[in-house]
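In my numbering, the protein residues as written are 9 to 901.
Data first, discussion second: the structure below is written as structure tokens.
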């Protein structure tokens with residue numbers, strides 16, 4: 009079916025990488041083999057057969073003596089291998105096959121620099137890649153014949169694999185090849201809100217704020233309102249804390265002993281359900297005392313950022329009572345619209361990557377946790393002097409890429425994540441000690457928790473492993489030193505209500521959901537939660553029975569156990585379940601902040617104001633991104649940006665793209681560098697048949713010179729507008745406006761109008777510091793002339809945007825006043841694709857007056873075109889010169 013000569017070698021090459029990485033992941037996983045793995049193996053073989061068929065078909069493409077076909081086959085083989093590698097890393101990090109949802113992170117500099125280009129096991133990867141490439145190359149050498157039939161058998165094989173039953177108690181990656189999984193998930197589309205009607209009032213009553221329980225201890229009466237500190241640690245699972253893990257009969261190699269000691273000495277909850285994966289969903293839950301959306305639709309953090317909260321959140325309630333409110337994180341605030349969300353839920357002061365610059369270790373997501381806590385402590389001390397405060401801190405050190413200084417001691421064979429968790433553990437202990445030393449702990453309620461749970465990956469199997477990614481924790485340090493170990497199930501959505509309850513500020517409790525951690529309740533309750541990575545929803549009922557459903561609620565199963573160790577081993581499969589109650593809760597969780605449709609939020613402000621640009625590598629820093637918006641059919645998304653560069657000598661490179669359903673749908677053509685005083689106006693739109701799902705507009709900015717650089721954001725928004733009569737909904741992306749102009753109106757770069765007007769800047773730089781030297785004049789014709797400059801290098805220009813198909817001419821007239829050597833002129837574009845042009849080199853000596861020239865034909869647009877005068881002394885002597893005249897002209901041909 010797969011052809012004749014050479015096809016076998018191509019097939020082996022196609023199998024080598026994914027199958028080798030699958031075996032490697034299973035060995036690292038350490039869990040026993042089962043029938044589910046046979047399904048995974050069959051899936052891998054079928055996927056390889058399909059891909060081999062595609063490769064062999066590509067070889068049939070004619071042209072250039074077969075090289076076009078071979079090139080296309082090579083490209084497909086590279087995509088195949090890259091997918092296998094990405095899936096391997098994703099499995100190790102998230103215990104799940106890669107999802108189309110993860111592709112959005114390829115536009116995130118932190119992810120690409122720290123994760124996508126970083127191999128966890130480089131030796132294994134290198135061996136497999138080398139073997140696959142050799143087999144593929146040998147297969148091409150043997151000239152494999154493309155198959156002319158057999159497609160029907162491939163279709164049957166794929167259908168057969170999809171028809172095999174799935175074991176919901178085992179990870180999906182053990183049962184399905186990555187590429188077939190991607191095909192299935194892409195075909196399935198978004199996981200929407202379950203179409204269940206009725207009973208919403210019953211769900212609302214069951215989830216409403218409940219303070220009817222008996223206090224676990226006597227609540228103190230505070231003379232001064234106590235401070236409130238919420239520390240959210242990225243991805244930390246309850247099982248990493250030995251004192252809490254022991255309550256479930258679980259032992260893990262990742263241990264946080266300092267936090268465990270705090271749990272034993274204070275108030276701790278061992279059975280905490282984190283309702284969802286992803287930071288934005290977890291933070292929303294903690295700060296707003298509400299369920300996140302239990303479906304893969306627009307996160308409530310995005311909903312709140314774009315049109316405001318539908319309920320009052322904890323910071324707003326406390327601010328109304330005179331609290332100072334501050335949110336701190338080392339990551340960029342613009343990502344996931346956190347800058348706007350935090351302001352709208354009641355934080356007066358929010359600080360992110362722009363504030364937290366110095367650390368012992370630094371990565372794409374920010375600085376390490378120790379440095380973050382040290383600098384945060386200084387902020388809290390400043391607030392403490394002014395009155396009561398509420399603060400929320402979000403760490404990044406345990407987010408991949410992990411941030412741990414190389415100097416941090418530990419065993420040589422220690423797991424990388426275990427080391428990062430231990431570093432965060434010690435950093436937290438130092439934060440608590442710092443609060444105590446400064447006298448702040450005596451009147452501060454400290455809640456230590458996590459935004460989401462990374463989970464258990466290797467040590468346990470079945471349901472224990474599946475739900476471990478929802479195993480959160482809460483450790484509360486209370487001013488009066490109260491102690492308690494809470495073992496009954498609670499949820500992260502309970503934290504906000506608990507804080508109001510303990511501090512005696514319950515007048516706003518009706519805005520929240522859940523129960524108080526600091527009370528005992530006679531009747532148990534059910535808790536719903538979900539995992540967008542696994543595409544599953546869960547329901548832990550009052551009797552500690554567990555229902556697990558795929559996101560389409562087909563094939564739900566129920567499980568039971570004999571004890572209360574919810575996150576431990578011991579679950580038994582009880583057969584199929586109808587799951588109607590779970591569907592109702594999932595649907596209810598999306599009611600208050602339903603997706604942003606035309607009747608709701610038609611306009612989303614992304615960013616506005618003065619933004620410092622501090623990154624000068626990779627894609628740069630986020631200006632905005634991570635909205636994931638929804639709109640009804642018959643509408644188009646319009647992105648509108650208006651920004652201006654500020655800062656003496658500043659040069660900024662911007663880039664922008666639009667993602668829909670986690671796929672790149674439009675990338676704005678390469679934008680020209682923006683110089684100080686330049687203003688960019690950009691507008692583009694996108695439409696498609698049917699609704700718009702998970703629309704995400706992203707923009708990055710990086711500075712091209714290490715100078716203080718700022719962007720004035722006049723406008724940055726996404727809006728949804730109805731299609732005009734006769735407008736084609738299948739039109740796709742359209743660039744509607746791209747204009748660059750000077751603040752003073754000096755010049756305009758407008759490719760849409762097909763009429764670029766080149767301009768120059770009066771700038772001369774002396775290498776290597778690029779300091780401004782005011783020695784340039786402009787003649788009546790507008791050409792630049794250098795007069796009386798003395799330096800080892802003189803630079804004329806730069807021309808901001810020299811148009812394509814132009815002739816660039818540079819001329820210098822120089823007098824040599826002392827010494828001898830060589831002199832010449834370089835024509836070079838600082839940003840763009842213009843080749844370096846060097847003029848004739850002349851021997852010069854004292855007393856000479858010479859004219860130096862260089863010219864270049866510009867095939868493409870040249871950004872920042874410069875004419876550089878180079879003077880090189882002979883030997884170790886010195887050479888002095890004076891520029892009598894200089895000019896740089898660009899003439900369209």
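Idealized CB from N, CA, C, for every residue including glycine.
Using a C-beta cut-off of 8 Å, the region 366-384 makes no contact with the region 318-326, since fewer than three inter-stretch Cβ pairs fall below that distance.
Residue 134 and residue 851 have their C-alpha atoms roughly 52 Å apart.
For residue 534, there is no enclosing alpha helix (DSSP H), as DSSP marks it with neither H nor E.
DSSP, read as helix, strand or coil, puts residue 319 in coil. The Cβ atoms of residue 684 and residue 653 lie closer than 9 Å to each other. Contact between the region 691-706 and the region 737-744 is present: 3 or more CB-CB pairs across the two stretches fall below 8 Å. By a beta-carbon distance limit of 8 Å, residue 452 does not contact residue 432. Their separation comes to about 20 Å. Listed in chain order, the alpha helix (DSSP H) elements of length 4 or more contained wholly in the region 278-366 are 287-296, 308-315, 322-327, 346-352.
Contact check for residue 276 and residue 482: beta-carbon distance about 7 Å, within the 8 Å limit, so the pair qualifies.
Contact between the region 441-459 and the region 409-423 is absent: fewer than three C-beta pairs spanning the two stretches fall below 8 Å. In this structure, residue 460 lies away from residue 306, with their beta-carbon atoms at least 9 Å apart. Around the Cβ of residue 512, a 10 Å sphere holds fewer than 16 other Cβ atoms; the residue is exposed.
In terms of CA proximity to residue 561, 303 leads the group 620, 303, 33, 18. About 6 Å separates the Cβ atoms of residue 353 and residue 295, confirming a contact at the 8 Å cut-off.
Where residue 664 is concerned, the enclosing beta strand (DSSP E) starts and stops at 659-668.
The straight-line gap separating the alpha-carbon atoms of residue 642 and residue 704 is approximately 18 Å. In the three-state reduction of the DSSP assignment, residue 579 falls in the coil class, being assigned neither a helical nor a strand state. Excluding sequence positions up to five before and after residue 675, its CB lies within less than 6 Å of the CB of 665, all in the same chain and listed in chain order. Under the DSSP definition of a beta bridge, residue 238 partners with 400, 455.
Assigned with DSSP and collapsed to three states, residue 411 falls in coil, not helix or strand.
For residue 91, the secondary structure class from DSSP, reduced to helix, strand or coil, is helix. The beta-carbon separation of residue 565 and residue 549, rounded to 14 Å, does not stay under the 8 Å limit for a contact. Under DSSP, residue 722 forms no beta bridge with any residue. According to the DSSP secondary-structure assignment, residue 899 is paired through a beta bridge with 815.
Listed as beta-bridge partners of residue 846 by DSSP are 834.
For residue 891, the closest of 864, 856, 898 by C-alpha to C-alpha distance is 856. For residue 510, the enclosing alpha helix (DSSP H) begins and ends at 503-510. It is roughly 5 Å from the alpha-carbon of residue 639 to the alpha-carbon of residue 700. Leaving aside the five residues that flank residue 480 on each side, the residues in its chain whose CB is nearer than 7 Å to its CB run, in chain order, 246, 280, 281, 282, 457, 458, 461, 500. The Cβ atoms of residue 241 and residue 337 do not sit closer than 9 Å to each other. Following the DSSP letters along the chain, one finds residue 494 in no alpha helix (DSSP H) but inside the beta strand (DSSP E) bounded by residues 492-494. Looking at 351, 894, 344, the one whose alpha-carbon comes closest to that of residue 327 is 351. With contacts defined as CB atoms closer than 9 Å, residue 708 and residue 663 qualify as a contacting pair. The alpha carbon of residue 424 has as its nearest neighbour, out of 575, 411, 369, 530, the alpha carbon of 411.
For residue 539, the beta-bridge partners assigned by DSSP are 544. Nearest neighbour of residue 329 by Cα position, chosen from 527, 848, 233, turns out to be 233.
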